[in-house]
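What follows is one structure encoded as structure tokens, with my remarks underneath.
Residue numbers (my numbering): 360 to 721.
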């Protein structure tokens, strides 16, 4: 199958219903598309355009920091990321070829992560058909398929499931440990919808972020004195990212917010009036592909959500320097799993079907 300009449509994109050609995704994304979707743009130009957008319009403060890695450790606070770029030419070669390219980039990233210089990995599927893909079951199916080119150890990828990646780090004492990273999905047509804060220009993006690996790397590289201080910094950044969305939304309505503080026994509450541990969102932030959300085509400009759409008990309890039991679901986020050299590229973490409950951990 071909589209009007003669470009072969990859099979994974063939059945994607498209939004109208003139639809706006907000001034910031529309401007980025002038480069990201222009046929004669080079990959270097497209990467630069995505980095500029991430630095200004991505609600996650970790993402903003990582775009400054070329400016030095002071500018990026020691946070680095790697990017694997997949375009229509790659997709036209078939899923086996895409999987091979993604897996090679994955190994290169982990080799750099071992040194502590990268704690995040982005896979950008840069395609006009993905950028203009209408919310619906076809887009959800494409997202599951594309995610399978990355997490091959879990393929086929299932909906409504949390997948975590394993990121290796060599410690000063020589120990090699792997840490958990969340795997999250972003796509262009999230704009103005239930998961507005998961919008990104240029198509579809899968992001891996390992907060505990980052904190441990800060200590290992001598950028922070100890894990307690490093985790306090990481936790502050995570808290500041909650409720920081709504960028490009006419009412600045984001998809997450901090919960009101519960009253302490003495009647007091935290200084800022917010719960220091619990927050809410209109989706489960660590579910890789949540079809209920991706298929919801309703434009949300009034900032109202049905109770059943809200996940009210999301938490940051795992961002704690206290030791964790190796048998605990939270083990691996801050305190790593010891592995030998042959396992530095492996991912031992299981998948977790998501449950909207206060005591759900993973």
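Where a beta carbon is used, it is the ideal one built from N, C-alpha and C, also for glycine.
Note that this is a predicted model, so its numbers are computed, not measured.
Distance from residue 597 to residue 570 at the Cβ level is roughly 7 Å; contact confirmed, criterion being Cβ atoms closer than 8 Å.
When rounded, the separation of the alpha-carbon atoms in residue 375 and residue 486 is 12 Å.
Residue 524 is classed as buried because its beta carbon has at least 16 other beta carbons within 10 Å across all chains shown. Around the beta carbon of residue 492, a 10 Å sphere encloses 16 or more other beta carbons of the protein chains shown; the residue is thus reported as buried. A buried status is given to residue 640, since no fewer than 16 other beta-carbon atoms sit within 10 Å of its beta-carbon.
Cβ neighbours of residue 692 within its own chain (closer than 6 Å, five residues either side excluded): 539, 571 and 677. Counting along the chain, no beta strand (DSSP E) covers residue 512, and no H or E run does either. The C-beta of residue 707 has fewer than 16 other C-beta atoms within 10 Å across all chains shown, which makes the residue exposed.
In the DSSP assignment, residue 549 falls outside any alpha helix (DSSP H), carrying neither H nor E. The three-state secondary structure of residue 639, taken from DSSP, is strand. Rounded to whole angstroms, the separation of the alpha carbons of residue 402 and residue 527 is 28 Å. In this structure residue 392 is not in contact with residue 501, their Cβ atoms being roughly 19 Å apart against a cut-off of 8 Å.
Looking at the backbone, the Cα of residue 698 and that of residue 600 are separated by about 32 Å. Between residue 444 and residue 719, the alpha-carbon positions lie close to 34 Å from each other. Rounded to the nearest whole angstrom, the CA to CA distance from residue 548 to residue 646 is 18 Å.
According to DSSP, residue pairing for residue 680 in a beta bridge does not occur. Residue state for residue 596 is assigned as helix, using DSSP reduced to three classes. According to the DSSP assignment, residue 479 belongs to the beta strand (DSSP E) that extends over 479-485. According to DSSP, residue pairing for residue 568 in a beta bridge involves 479 and 541.
Residue 450 and residue 560 do not touch by the CB rule: their CB atoms are close to 18 Å apart, not below 8 Å.
Comparing C-alpha distances from residue 675 to each of 686, 717 and 700 shows the shortest one belongs to 717.
If only uninterrupted alpha helix (DSSP H) runs of at least 4 residues are considered, those enclosed by the region 419-457 are 420-425, 432-435 and 447-451. Counted as a single uninterrupted DSSP element, the alpha helix (DSSP H) harbouring residue 392 occupies residues 386-395. The beta carbon of residue 423 is closer than 7 Å to those of 413, 414 and 417 in its chain, skipping five residues each way along the sequence. Residue 687 is bridged by DSSP to nothing; it lacks a bridge partner. Rounded to whole angstroms, the separation of the alpha carbons of residue 481 and residue 398 is 22 Å.
Bridge pairing for residue 375: absent [DSSP]. Secondary structure of residue 521 (DSSP, three-state): strand. In the DSSP assignment, residue 674 forms a beta bridge with 637. Between residue 604 and residue 532, the gap from beta carbon to beta carbon reaches 9 Å or more. Rounded to whole angstroms, residue 512 and residue 520 show a C-alpha spacing of 14 Å. Annotated as distal: residue 643 and residue 616, with beta-carbon spacing of 9 Å or more. Between residue 652 and residue 553, the beta carbon gap of about 5 Å places them in contact (Cβ cut-off 8 Å). Between residue 457 and residue 483, the CB-CB gap reaches or exceeds 9 Å. Within the model, the alpha-carbon separation for residue 542 versus residue 649 is close to 12 Å.
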